[in-house]
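J.:
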Amino acid sequence: MFPRIARLSALGFVALILSGCLGGETVVTGAPTAPRPGLAADPRLLVATTRLPVGDPIQKPWFSSERSPDLIFAEARLTPPSRSLIGRGGWSIASVDNVTRNNAADAFAQAALGRDLLLYIHGYRESFDTAATSTIQLSEGIRFSGVTGLFTWPSAGSTFSYVADREAAMWSRDSLEDLLAAIAKTPSGGRIHIVAHSMGTLLTLEALRMLRTDGGASAMERIGAIVMAAPDIDIDLFARGLERLGPDAKKITVISSTNDRALAVSGRLAGGIVRAGAADRERLEALGVRVADASEFGSGIINHDLFLSNKEVEQVIKRAIERQRM
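Take the sequence shown: its position 124, counting from 1, is numbered 1137 in the numbering used here, and each next residue is one higher.
1. Determine contact between the region 1199–1212 and the region 1122–1141, defined as no fewer than three beta-carbon pairs at a distance below 8 Å.
2. Given a cut-off of 8 Å, decide if residue 1057 and residue 1129 are closer than it, judged by their beta-carbon atoms.
3. Spatial neighbours of residue 1149 within its chain, please: C-beta separation below 8 Å, excluding the five flanking residues on both sides.
4. Measure from the alpha carbon of residue 1285 to the alpha carbon of each residue in 1245, 1238, 1114, then state which is nearest.
5. When you compare only the Cα positions, how much space is there between residue 1308 and residue 1269?
6. Check residue 1286 in the structure and name its three-state DSSP category.
7. State buried or exposed for residue 1336, treating a residue as buried only when at least 16 other CB atoms are found within 10 Å of its CB.
8. Report the residue from 1186, 1055, 1076, 1300 whose alpha carbon sits nearest the alpha carbon of residue 1170.
9. Using the C-alpha atoms, what's the distance from residue 1222 back to residue 1317?
10. In the DSSP output, which residue or residues are listed as bridge partners for residue 1241?
11. Comparing C-alpha positions only, which one of 1257, 1166, 1280, 1304 sits nearest to residue 1240?
12. Tell me whether residue 1340 sits in a helix, a strand or coil according to DSSP, three-state version.
13. Is residue 1084 near residue 1117, with beta carbons less than 8 Å apart?
14. With burial defined as no fewer than 16 other Cβ atoms inside 10 Å of the residue's Cβ, what is the status of residue 1328: buried or exposed?
15. Taking buried to mean at least 16 other C-beta atoms within 10 Å of its own C-beta, is residue 1226 buried or exposed?
16. Hey, out of 1214, 1151, 1177, whose CA is closest to residue 1324's CA?
17. Please report how far the alpha carbon of residue 1283 lies from the alpha carbon of residue 1093, in whole angstroms.
18. Give me, in chain order, the residues of the same chain whose beta-carbon lies closer than 6 Å to that of residue 1109; leave out the 5 immediate sequence neighbours on both sides.
19. When you compare each of 1157, 1196, 1233 to residue 1261 by their alpha carbons, which one comes out closest?
20. Does residue 1259 come out as helix, strand or coil in the three-state DSSP assignment?
21. State the DSSP-derived secondary structure class of residue 1143, mapped to helix, strand or coil.
22. Pick from 1291, 1259, 1264: whose alpha carbon is nearest that of residue 1272?
23. Any idea if residue 1139 is buried or exposed, counting beta-carbon neighbours within 10 angstroms, 16 or more meaning buried?
24. What residue does the beta strand (DSSP E) around residue 1175 start on, and which one ends it?
25. Can you check whether the CB of residue 1188 is closer than 8 Å to the CB of residue 1063?
26. State the beta-bridge partners of residue 1164 as determined by DSSP.
27. Looking only at C-alpha atoms, which of 1119, 1319, 1279, 1073 sits nearest to residue 1196?
28. Going along the chain, which residues of its own chain have a beta-carbon closer than 6 Å to the beta-carbon of residue 1107, five neighbours each way excluded?
29. Please state the DSSP three-state secondary structure of residue 1067.
30. Measuring CB to CB, does residue 1194 end up less than 8 Å from residue 1165?
31. On a Cα-Cα basis, can you pick out the residue from 1247, 1321, 1254, 1156 that is closest to residue 1334?
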């Protein structure tokens, strides 16, 4: 009996900590109330990319770190884990087909037609394969019931490519804006839920700012949750971008951590200006965004991908999406 009481006490303690650290939210428990088609029923990843394909016809590793002059759409056919495996691992890309260079944004929008979309934008030092793996892990982790998509830009995938990656990310912002605009204007479409990580949040904020400026409030109506995990953005630049988004900034949830060592290094490279993902919770909340402070959950050396490595932090994304469906 005593071990059972101890376990219950521990669960209560975790819930208490979460309510204090993750923006007053509590742990989500229990099975989902609705059927979950998602990747289990449709093992397909929609890809929009500014990377050049590898080979013609395309072959592994599918997309390189070289820049494509035009946005490219493709569908990655996935092989789910074997039934004998335990856990979420084991997904792999079986093939990449339907590679489209002309009107790629419209082709992506048509492929997602009528369903909610989870769109992941990766960060620094990512290959196509690692970005796709993170996208699948995220979708499966939150049990997303719509279609899953990846916007992947030409990161060099190297530790020493920070400056080059930043330029490649910013070079891709027009393509991301075009993609979001195409999806948003497609009739009978679902909601677009965006999750961006690290340097990908800078790209995302810039694209959203441009979308809001060019298309007005109506262009943002289909945008649902916007989750920025460990945003590698100058805090002053972040504040300025939020001003341009106006009331749509309320859709943003920031997952921050004051002990994110990757952002600490980035801040030093930027002349000591704190990154938005490492800022104090009070400073971020004053900007009008929802904040999930994950500082207490960083037990690793880097603590830069807690939205993928920590189940409690992962649930922040799930709840952000659920709020925008109401």
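For glycine and all other residues, C-beta sits at the position ideal for the given N, C-alpha and C.
T.: To lay it out plainly:
1. With a cut-off of 8 Å on Cβ pairs, the region 1199–1212 is in contact with the region 1122–1141, counting three or more such pairs.
2. Not closer than 8 Å, so no.
3. Closer than 8 Å at Cβ, skipping near neighbours: 1052, 1058, 1091, 1104, 1161.
4. Checking every option, the nearest Cα to that of residue 1285 belongs to 1245.
5. Rounded to the nearest angstrom, the two C-alpha atoms are 7 Å apart.
6. Coil at residue 1286, not helix or strand.
7. Looking at its Cβ environment, which holds fewer than 16 other Cβ atoms inside 10 Å, residue 1336 is exposed.
8. Considering only alpha carbons, the answer is 1076.
9. Approximately 25 Å, taken between the alpha carbons.
10. BP columns for residue 1241 point to 1209, 1267.
11. Comparing alpha carbon positions, the residue from 1257, 1166, 1280, 1304 closest to residue 1240 is 1304.
12. The structure shown does not extend to residue 1340, since the chain spans only 1014 to 1339, so no value can be given for it.
13. With a cutoff of 8 Å on beta-carbon distance, residue 1084 and residue 1117 are scored as near each other.
14. Answer is buried; the Cβ neighbour count reaches 16.
15. Exposed is the call here.
16. Closest option to residue 1324, judged by alpha-carbon separation, among 1214, 1151, 1177: 1151.
17. Roughly 41 Å between the two C-alpha positions.
18. The beta carbon of residue 1109 sits closer than 6 Å to those of 1071, 1075, 1087, 1089, all from its chain and outside the five residues before and after it, given in chain order.
19. Looking at 1157, 1196, 1233, the one whose alpha-carbon comes closest to that of residue 1261 is 1233.
20. DSSP places residue 1259 in helix when its eight states are reduced to three.
21. Secondary structure of residue 1143 (DSSP, three-state): helix.
22. Ranking 1291, 1259, 1264 by CA distance to the CA of residue 1272 puts 1291 first.
23. Buried.
24. Not the beta strand (DSSP E): residue 1175 falls in the alpha helix (DSSP H), residues 1175–1184.
25. In contact: residue 1063 and residue 1188 (Cβ atoms closer than 8 Å).
26. In DSSP, residue 1164 forms a bridge with 1061, 1134.
27. If we check each option's Cα against that of residue 1196, 1119 comes out closest.
28. So the list reads 1090, 1092, once near-sequence residues are dropped.
29. Reduced to three states, the DSSP call for residue 1067 is coil.
30. No. Outside cutoff.
31. Taking the Cα of residue 1334 as reference, the smallest distance to any Cα among 1247, 1321, 1254, 1156 is reached at 1156.
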